[in-house]
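So the structure is just underneath, and the comments pick up after that.
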Amino acid sequence: MLKVKDITALTERFAPPELQEEYDNCGLMYGDPEAEVSGVLVTLDINEKVVEEAVRKGANYILTHHPCIFPSVSKLDHGLPVHRGFAAAIRANIAVYAAHTSADFAEGGLNDVLMKILGAEEFHCIGGDRRAPRIGKLAEPCTLKKFVKRVSEALGDDHILYSGDDEKLIESFAAVNGGGGNEECLRAAINAGADVFLSGDFKYHVIRLAKDLGYAIINFGHFESEMPFVEMMTEYLKVAGVERVFGAESLEKPYN
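Under the numbering used here, the first residue of the sequence shown is numbered 57, with each subsequent residue one higher.
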């Protein structure tokens with residue numbers, strides 16, 4: 057039977073921890089490396105419902121995208137649902153591993169998967185930097201308005217915001233999953249010649265900057281753009297030979 061250290065090694069083969077951002081906390085958050093693994097539950101977030109699901113399914117290893125704690129955290133706060141979820145996992149003796157920005161930046165990782173979902177015919181990392189936005193050509197160029205509709209349908213996101221000329225022809229696009237809607241990524245997309253930049257969690261002043269520059273942006277949901285992590289890692293582990301792997305079914309959007 058595979059052990060915690062084996063699942064961890066497989067995960068890190070796909071998403072090397074050295075790829076993570078400086079602020080991040082990828083890695084094994086709890087668990088005995090020598091413990092045998094009865095099953096793996098892959099999730100975007102960890103909370104008490106997810107832990108209860110793991111227990112029901114007989115999974116004693118949770119692979120989460122978002123870490124339960126970050127390096128700046130000095131104690132678990134019972135008032136925070138994510139901390140209560142982590143504590144519940146510890147009480148149930150469930151190993152917890154976080155593959156966050158390491159999985160975002162990995163070869164074939166979440167950013168690459170997102171580009172394919174959004175319709176890129178071919179794509180690459182801007183400047184050859186795996187931490188930079190991906191830029192690619194649309195297999196079927198269209199207007200900005202039509203592209204927004206395509207993105208909404210592809211991600212199952214009914215709350216997309218965007219800025220730009222509806223009739224602008226979109227032949228290429230740059231994108232970052234999750235919360236990459238910052239000025240640094242925006243300028244990287246502009247300088248690389250992308251017709252539009254897509255990400256989540258855009259701040260007002262970044263949207264205003266794009267508007268004033270006459271540049272198109274699309275703000276999709278953080279949740280929707282990162283949910284592919286569950287299927288991506290579930291399939292990866294199954295192909296790698298892990299027999300009992302489950303995608304979390306108890307996840308809920310954090311907004312209506």
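Beta carbons: idealized from backbone N, C-alpha and C, even for Gly. None of these values were measured; they are calculated from a predicted model.
Identified DSSP bridge partners for residue i
i	result
cysteine 181	Arg190
threonine 64	Threonine 64 is not bridged to any residue.
alanine 176	Leu194
lysine 309	In the DSSP output, where bridge partners are listed per residue, lysine 309 has none listed.
Boundaries (first-last residue) of the alpha helix (DSSP H) holding residue i
i	result
valine 252	Counting along the chain, valine 252 falls outside any alpha helix (DSSP H), though it belongs to the beta strand (DSSP E) covering 252-255.
glycine 87	Taken as a continuous stretch (DSSP letters only), glycine 87 belongs to no alpha helix (DSSP H), as it is neither H nor E.
glutamate 240	239-247
leucine 225	First-last for leucine 225: 225-231, but that is the beta strand (DSSP E), not the alpha helix (DSSP H).
valine 382	Because residue 382 is not part of the residues shown, which for the chain are 57 to 312, the question remains open.
valine 262	260-269
asparagine 167	166-173
Residue i vs residue j beta-carbon contact at 8 angstroms
i	j	result
valine 98	methionine 283	no
cysteine 198	isoleucine 226	yes
alanine 159	proline 189	no
serine 219	alanine 250	no
isoleucine 63	valine 298	yes
leucine 254	serine 228	no
glycine 111	cysteine 124	With the sequence shown as reference, residue 111 is identified as valine, and glycine is not the correct amino acid for it. No, these two residues do not count as a Cβ contact at 8 angstroms.
glutamate 239	valine 204	no
leucine 200	alanine 272	yes
phenylalanine 126	tyrosine 79	yes
valine 93	leucine 58	yes
glycine 83	valine 106	no
proline 89	valine 60	yes
glycine 237	lysine 259	yes
alanine 296	leucine 66	yes
alanine 144	glutamate 104	yes
valine 301	leucine 293	yes
glycine 192	methionine 171	yes
phenylalanine 70	alanine 148	no
8 angstroms Cβ cutoff, residue i in contact with chain C
i	result
valine 286	Any reference to chain C falls outside this structure, which holds one protein chain only.
Enclosing beta strand (DSSP E) for residue i [first to last residue]
i	result
alanine 154	151-154
tyrosine 292	Counting along the chain, tyrosine 292 falls outside any beta strand (DSSP E), though it belongs to the alpha helix (DSSP H) covering 284-295.
serine 158	Premise fails: serine 158 lies in the alpha helix (DSSP H), 157-161, not in any beta strand (DSSP E).
leucine 217	217-219
phenylalanine 302	301-303
alanine 272	272-275
Cβ-heavy atom distance, residue i to the ligand SAH, below 7 angstroms
i	result
serine 94	The ligand content of the structure shown is nil, which means the ligand SAH is not present either.
>> Does the structure place the region 113-122 close enough to the region 152-160 that three or more beta carbon pairs sit under 8 angstroms?
In response: Touching, yes.
> Which runs of the beta strand (DSSP E) fall wholly inside the region 66-139 and span at least 3 residues, in chain order?
Replying inline: Fully enclosed beta strand (DSSP E) runs of 3 or longer: 83-86, 96-99 and 117-120.
> Do the region 263-283 and the region 200-216 meet, that is, are 3 or more Cβ pairs less than 8 angstroms apart?
Replying inline: The region 263-283, when compared against the region 200-216, does touch it at the 8 angstroms Cβ threshold.
> For the 8 angstroms Cβ check, are there 3 or more pairs between the region 158-178 and the region 296-310?
Replying inline: Taking 8 angstroms as the limit for Cβ pairs, the verdict is that the region 296-310 does not touch the region 158-178.
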